[in-house]
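Reviewing the structure listed below.
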Amino acid sequence: MITCPVCLETKNHVVLTRDRVPVLQNVIVKTEEEALSFPVARLKICRCEACDFVWNADFDPDAIDYNASYNNSVQGSAVYRAHQAAMAGRILSRPGTFNCVDIGCGEAEFLQELTASGRIGKAIGFDPAFKGLHPIDERISVRTVYFDEETARDLPDDIHVVCSRHVIEHIPAPRPFIEAIAAYVKSRNLPLFLETPDVEWIFRNNAFEDFFYEHCSLFSPRSMAVLLAAYGLECRVEPVYGGQYMWIEAWPARAAAGDTPPAPSDAVSHAGIAEALSYWETKLADLRREGPVAIWGGASKGVTFSLLVDGVDAAIDLNPAKQGCFMPVSATPIVSPEAALERGVRSIVVMNPNYLGEIRTRLKEMNWQGTLLTLQADAA
Ligand SMILES: [Zn+2]
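Under this note's numbering, the first residue of the sequence shown is numbered 146, with each subsequent residue one higher.
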């Protein structure tokens with residue numbers, strides 16, 4: 146019997162299992178040998194029938210080490226930067242100058258975006274994996290610890306906003322994570338902003354490439370509301386980033402509700418996920434008759450796609466730190482767009498439909514002639 150880590154109910158089913166997936170996607174792997182011998186683990190993706198939460202029941206936190214070779218920078222894309230600026234705009238819609246806390250701030254890119262407005266007095270980040278790779282604004286300070294009741298204690302009294310973007314999907318035990326944050330925001334009556342992938346988008350689009358080891362906790366708007374309500378927070382959830390992510394604004398609930406029993410969800414078939422995978426296996430075999438095939442996107446989706454679908458000759462990525470490196474386990478080489486053209490790539494499959502326009506422009510500038518496709522063409 147498996148218990149849902151969000152609502153604690155025991156009615157759930159297995160969506161998919163995969164053996165030998167890389168424990169990390171966004172890593173710099175310098176050699177083919179290192180890629181082939183990269184640490185692997187098992188996915189057992191379960192879905193709660195009470196609250197809709199989706200999680201990897203076989204997740205082992207000790208298998209993951211967000212160490213020096215972790216690099217999930219997507220700052221090379223103008224589309225992503227525009228998204229980040231739009232999310233900062235949502236926080237900055239409050240009037241005046243204010244101070245903020247970012248839990249799991251990475252290299253403080255989002256705090257930089259916020260302080261660039263000139264409206265942030267103090268910006269404090271929490272992230273044990275912070276390395277200080279880029280110079281940051283003097284108003285920003287980063288604490289290389291996890292946020293918890295203990296580490297929150299010496300925060301200044303005049304914090305006005307708390308945010309946490311793309312963190313909770315990496316947390317295997319979301320209840321204690323939200324419990325600590327909720328205790329803090331409730332004690333000071335602060336708004337909380339969260340951003341995380343929307344698992345309903347993944348299911349709607351049969352996005353088999355969006356299930357991977359790092360994302361051990363995947364939320365729907367409903368499971369997020371159930372989790373926040375368990376700790377006395379109300380929320381409003383909005384789809385952003387073409388529906389792939391959700392933006393959550395939460396605040397202390399007026400009446401203490403405690404755990405609300407979630408309504409049962411409708412039975413869902415997951416057959417489409419396997420069908421989508423088999424479609425791309427056939428498609429890639431066809432495309433390869435014309436010449437080498439590349440995917441565009443050497444991050445999470447690309448790593449999973451090239452692991453599951455045979456015949457990816459190279460992965461194009463704009464992150465210069467990844468170019469010349471290899472994808473974990475599949476050992477697919479990661480190259481620049483120019484290097485892909487030199488390899489005679491005839492077909493390119495875009496991993497994230499949000500980048501299709503940007504990629505099409507880039508390829509046009511390079512005078513590339515070939516077949517350009519995208520996963521989830523309907524979502525682009
Ligand atoms: Zn549940």
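For glycine and all other residues, C-beta sits at the position ideal for the given N, C-alpha and C.
Do residue i and residue j have their C-beta atoms closer together than 7 Å?
| i | j | result |
| --- | --- | --- |
| T260 | F275 | no |
| L422 | F348 | no |
| H158 | R192 | yes |
| T519 | V490 | no |
| S492 | V457 | no |
| H315 | E359 | yes |
| F357 | Q170 | yes |
| V330 | Y500 | no |
| N497 | C361 | no |
| L278 | S262 | no |
Less than 6 Å between the CB of residue i and some heavy atom of ligand 1, yes or no?
| i | result |
| --- | --- |
| A195 | yes |
| V151 | yes |
| E154 | yes |
| F348 | no |
| F364 | no |
| F198 | yes |
Within 10 angstroms of its Cβ, does residue i collect 16 or more other Cβ (buried), or is it exposed?
| i | result |
| --- | --- |
| L512 | Here residue 512 turns out to be Asn, not Leu, going by the sequence shown. Exposed: under 16 other Cβ atoms inside 10 Å. |
| L153 | exposed |
| T155 | exposed |
| N351 | buried |
Is residue i helix, strand or coil by DSSP?
| i | result |
| --- | --- |
| W200 | strand |
| R284 | coil |
| K331 | helix |
| D355 | helix |
| W396 | strand |
| L520 | coil |
| A525 | Below a pLDDT of 50, predicted positions are generally treated as unreliable, and A525, at 48, falls in that range; the measurement from the model is reported next regardless. Looking at A525 - three-state DSSP - the assignment turns out to be coil, as it is neither helix nor strand. |
| L169 | coil |
| M391 | strand |
| K501 | The sequence shown places Leu at residue 501, rather than the Lys named in the question. L501 falls in the helix class under three-state DSSP. |
For the segment 364-371 against the segment 274-287, do three or more pairs of beta-carbon atoms, one drawn from each stretch, fall closer than 8 Å, so that the two count as touching? Taking a contact to require three or more Cβ pairs closer than 8 Å, the segment 364-371 and the segment 274-287 do not qualify as touching.
Is the segment 441-459 touching the segment 165-182 in the sense that three or more CB pairs, one from each, lie closer than 8 Å? Taking a cut-off of 8 Å for Cβ pairs, the segment 165-182 and the segment 441-459 touch, as three or more such pairs fall below it.
Across the segment 332-341 and the segment 307-319, are there enough close Cβ pairs to call them in contact, namely three or more that are closer than 8 Å? With a cut-off of 8 Å, the segment 307-319 and the segment 332-341 count as touching, because enough Cβ pairs lie within range.
How do the segment 373-383 and the segment 173-189 stand: do at least 3 beta-carbon pairs fall below 8 Å, yes or no? No: the two stretches stay apart, fewer than three of their Cβ pairs being nearer than 8 Å.
Using 8 Å as the Cβ pair cut-off and three pairs as the minimum, do the segment 431-447 and the segment 458-472 touch? Here the segment 431-447 makes contact with the segment 458-472; the two share three or more CB pairs at distances below 8 Å.
Three CB pairs or more closer than 8 Å across the segment 234-250 and the segment 264-274: Judged by Cβ distances under 8 Å, the segment 234-250 makes contact with the segment 264-274, as three or more pairs qualify.
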